[in-house]
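Here is the structure we will look at.
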Amino acid sequence: MLRGGVLNGLSRASGQRHRRLMSVWKDVPKGPEDAILGVTIAYNKDENPKKINLGVGAYRDDNGKPFVLSSVRAAEARIQSEKRPMEYLPVIGDKEFLSNSLKLAFTEDNEFLKNDLIASIQALSGTGACRLGAEFISRFHKSSTGMPLVLMPSPTWANHPGIFRDGGCEVGKYRYYDPDSCGFDLEGCVEDLKSAPVGSVVLLHACAHNPTGVDPTMDQWEVLSETIKRAGLLPFFDMAYQGFTSGSLDIDAGAVRKFVEDGHRVMLAQSFSKNFGLYGHRLGTLSMLTDSDKEKMAIESQLKILARTIWSNPPIQGSRIVNEVFKDNSFYNSWTEEMSRMANRIIDMRKQLSDKLVELKNPRDWSHITRQKGMFCYSGLSPAQVEAMKEQFSVYLISSGRISMAGVTSANVEHLATAMDAVTK
Ligand SMILES: Cc1ncc(COP(=O)(O)O)c(C=O)c1O
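One point on numbering: in UniProt numbering, the residue at position 187 of the sequence shown is 187, and numbering is uninterrupted.
Here it is, written out as structure tokens:
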């Protein structure tokens, strides 16, 4: 029954008309809130001036403020001054942007790129690229079980299972995180991949694994590459943090490039949210290595059919910004410098946090804080400890103990270390 609110002030007759129409949705259950949203809501209500929000999934500067790169601002201003038209982009996206995106991931010298054998499409950021990839897999890549099957690390980005399931794939897991070492469970991972059905897709985080911050070393990637090849699996890389992890575009793309060298026909989802700070512009690419021009054309034709019914044409502004940055050397240099500054601020915060815990003589081994990479630190704090941090110190994070290092600053790191020390002693 509808009460007050919407119906207030309406005549009885029109009220009745509304009441009948709106009951259509009475059986829709309310879905659960996103865990991170809940953290932010609780944080916003807290009046403690020392409160810290470690749930955020976007970069913050050392003053805790969102950050727009100056190269992006300059490129935006140039585009604005040119008063370009705002017509639709082609369904496939902006060709110049796609070329820039592929060069960034695979390098200009890549043989597939030089021979025009990489199928690609502009997508609504990393999320959209993963979703389009899932839709494609569900139609064209069945595993030996007869179903399209995507195996993902345990744990993985909270959105991955839903993206791939809603995209029509079956979803499975492989072992990844070892809670004892707060590191990578290579043995468990290899064992699970070896027993996976042939033709399964293996979802891999190219760098800065979310939520654990645990990345395989290059030696471990070598083992994974060999295992995946022997088991007849297809690697799907999700690269949401290229350049934002170590500060180097090349280091962060190391695993993807290695798999390409090793002969895998990788699928790749790229995001420009973090490394360009283009979060709201929703800019990304889905690409796939192919073996012939015919294959490439066929794949792109299918990707266009998929995109056409989801978003039709991708947004225009983000790709223009990236193209401007790539065209102008001074913009490009300023971009890589600022990107690396963002990465290094996070690396520095990891060090400061870990040093402070040592200073406080906390008995735990916190070396994983600096070993882990990227925006997230899987602290190893239990749900009860996370709750105590909130109740006693106004430090907010999700119950898995994942800390967004982007929320740590020179001004709050001491308070954070004090809270972590107190709840773990
Ligand atoms: C692992 C991973 N993949 C993909 C994304 C997608 O982000 P976006 O859709 O903003 O590119 C994220 C963002 O948090 C992520 O952590």
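The beta-carbon is built from N, C-alpha and C at its ideal position, and this holds for glycine as well.
Span of the beta strand (DSSP E) around residue i
i, result
"ALA196", "Per DSSP, ALA196 belongs to no beta strand (DSSP E) and is neither H nor E."
"CYS377", "376 to 378"
"ILE92", "Counting along the chain, ILE92 falls outside any beta strand (DSSP E), and DSSP gives it neither H nor E."
Same chain only: Cβ atoms within 8 Å of residue i, ignoring 5 sequence neighbours per side
i, result
"GLY232", "VAL198, GLY199"
"SER11", "Note on SER11: pLDDT 49, under 50, position unreliable in the model; the coordinate value appears next. Taken in chain order, the list of residues that qualify is empty."
"ASP166", "ARG131, ALA134"
"GLY5", "Any reading at GLY5 must be qualified, since the residue scores a pLDDT of 48, below 50, and its modelled position is unreliable; no value is offered."
"GLY407", "ILE52, ASN53, LEU54, GLY55, VAL56, ARG60, GLY64"
"LYS80", "The question names Lys, but residue 80 is Gln in the sequence shown. Cβ neighbours of GLN80 beyond the five flanking positions: none."
"ASP293", "ASP116, LEU117"
Residues that DSSP places opposite residue i in a beta bridge
i, result
"VAL202", "LEU151, PRO235"
"SER120", "SER287"
"ALA269", "ASP238, LEU286"
"ASP178", "GLY183"
"LYS173", "MET152"
"residue 458", "This structure gives no information on residue 458, because the portion of the chain shown stretches from 1 to 425."
"ILE52", "VAL395"
Cβ-based neighbour list, residue i, same chain, cut-off 7 Å, excluding 5 preceding and 5 following
i, result
"GLY254", "MET218"
"GLY168", "ALA134, GLU135, SER138, PRO148"
"SER144", "PRO197, VAL198, GLY199"
"GLU277", "Just to set this straight, residue 277 is Gly in the shown sequence, not Glu. Answer for GLY277: TYR59, PHE67, VAL68, LEU69, VAL72, listed in chain order."
"GLY57", "ILE36, SER404"
"PHE259", "SER225, PRO235, VAL266"
"LEU306", "LEU132, GLU135, PHE136"
"VAL223", "LEU186, VAL190"
"CYS182", "HIS368, TYR378, GLY380"
Other residues of its chain near residue i: CB distance less than 6 Å, five sequence neighbours each side excluded
i, result
"GLY374", "ALA208, GLY213, TYR241, THR245"
"HIS205", "ASP238"
"ASP192", "TYR174, ARG175"
"LEU303", "ILE121"
"LYS425", "none"
"GLY64", "THR409"
"PRO314", "LEU89, GLY93, GLN122"
"ASN110", "none"
"TRP157", "ASN210"
"residue 427", "Residue 427 lies beyond the stretch modelled for the chain, which goes from 1 to 425, so this question has no answer here."
Element boundaries [alpha helix (DSSP H), containing residue i]
i, result
"ILE347", "329 to 359"
"ILE305", "293 to 310"
"ILE398", "Counting along the chain, ILE398 falls outside any alpha helix (DSSP H), and DSSP gives it neither H nor E."
"TRP221", "218 to 230"
"LEU278", "No alpha helix (DSSP H) holds LEU278; DSSP gives it neither H nor E."
"ALA58", "That residue, ALA58, is in no alpha helix (DSSP H); it is neither H nor E in DSSP."
"HIS209", "Where HIS209 is concerned, there is no enclosing alpha helix (DSSP H), given that its DSSP letter is neither H nor E."
"ILE41", "35 to 45"
"PRO161", "160 to 166"
"ILE251", "249 to 252"
"LEU113", "111 to 114"
"ALA129", "125 to 140"
"ALA264", "Inspection of the sequence shows that residue 264 is occupied by His rather than by Ala. It is not in any alpha helix (DSSP H) - HIS264 carries neither H nor E in the DSSP assignment."
"LEU416", "413 to 424"
Proximity winner among the options, relative to residue i (alpha-carbon distances)
i, options, result
"ASN115", "TYR174, GLU359, LYS296, ASP215", "LYS296"
"ALA422", "GLU261, LEU357, GLY380, SER367", "LEU357"
"PRO383", "TYR88, SER399, TYR332", "SER399"
"residue 433", "ASN210, CYS182, ILE228, GLN220", "In the structure displayed, the chain extends from 1 to 425; residue 433 sits before or after that span and is not available."
"LEU98", "ILE118, ASN110, ASP109", "ILE118"
"TYR177", "GLU300, ASP348, THR309, ASN210", "ASN210"
"GLY172", "PRO179, LEU203, ASP185", "LEU203"
"MET389", "ALA42, CYS189, CYS182, SER292", "ALA42"
"ALA75", "VAL24, GLN372, GLY318, ASN100", "GLY318"
"GLY126", "THR309, SER312, HIS281, VAL28", "HIS281"
"ALA411", "ASP62, SER101, ASP27", "ASP62"
"MET420", "LEU353, GLN372, VAL28, PHE376", "LEU353"
"LEU151", "ASP180, GLN385, CYS189", "CYS189"
"LYS327", "GLY38, ASN100, ASN44", "ASN100"
Heavy atom of ligand 3 within 7 Å of residue i beta-carbon
i, result
"THR127", "Inclusion of ligand 3 in the displayed structure is not the case, the ligand content consisting of ligand 1 alone."
Margin query: Under 8 Å: do the region 248 to 256 and the region 279 to 290 share three or more Cβ pairs, one atom per stretch?
Written below: no
Checklist line | Meets three-Cβ-pair contact criterion under 8 Å: the region 385 to 393 and the region 410 to 424 | finding: yes
Notebook entry, point to check: Looking at C-beta atoms only, is the number of pairs between the region 82 to 93 and the region 329 to 344 that lie closer than 8 Å three or more?
Noted result: no
Notebook entry, point to check: Does the count of Cβ pairs from the region 363 to 370 and the region 32 to 45 closer than 8 Å reach three?
Noted result: no
Notebook entry, point to check: With a cut-off of 8 Å, do at least 3 Cβ pairs link the region 150 to 164 to the region 104 to 112?
Noted result: no
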